[in-house]
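Letter 56 of the sequence shown, counting from 1, is numbered 56 in UniProt numbering, and no numbers are missing.
Yeah, the Cβ is synthetic: ideal placement off N, Cα and C, and Gly gets one too.
The structure presented is a predicted model; accordingly, all values stated were derived computationally and were not measured.
Written below as C-alpha cells is the structure these notes are about.
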Amino acid sequence: MNEVEFNIRLYLTGMMKSWTDRIDNTDQLTPQRFILNAMTELFDSLSDDDIELIRLRYMERLTLSEVASRCLTTERTIRNHTNPALKQVKEIIKKSSEQAWQAREENQA
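Pasting the structure below:
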C-alpha cells in the first residue's frame, strides 16, 4: 500500500480524524492536522460519484477495470474522475512533509 492509498483509506474510514484528535489536542496546525484539514476540504469538494469511485478503488481495492465494469463506464473515465483528486492527495502529503521538516528545523534553532 503506497502513501496515497494509505492516507485515502485513513481518511475514508474516519481513522485519520481519530488519530489526529488523539495526537493533537492543541489549536496548532500540526502536520497531522494539516493533512486532515486538507483532505476534508478536498473530499468536501468532490462529487458523491467521484468519492464512490475513489472508495471502490482504495477501500474495496478494485482494479480500474473492475471499477469501470461495475460503473458501466471505461477505465479512462474512471482515471479522469479520480486522477485529479489523487494528485491533490500527493500534494497534501508533500506539503505536510515540508511543514514537518520546517517545524523540526525551527525547534532545533
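Contact under 7 Å by Cβ, residue i with residue j
i   : j   : result
T82 : I51 : no
S96 : F6  : no
L10 : M16 : yes
E3  : I92 : no
L64 : L56 : no
V67 : I78 : yes
T20 : Q32 : yes
Residue interval of the alpha helix (DSSP H) (run including residue i)
i   : result
S47 : It is not in any alpha helix (DSSP H) - S47 carries neither H nor E in the DSSP assignment.
L12 : E3 to T13
E60 : From DSSP, E60 is part of no alpha helix (DSSP H); its letter is neither H nor E.
L86 : E75 to Q108
Cα-Cα separation, residue i to residue j
i    : j    : result
L36  : S69  : 32 Å
E60  : Q108 : 42 Å
L72  : A100 : 42 Å
S47  : S18  : 24 Å
E105 : A38  : 23 Å
N80  : G14  : 26 Å
R76  : D44  : 23 Å
T30  : D49  : 31 Å
A85  : E98  : 20 Å
L42  : R22  : 22 Å
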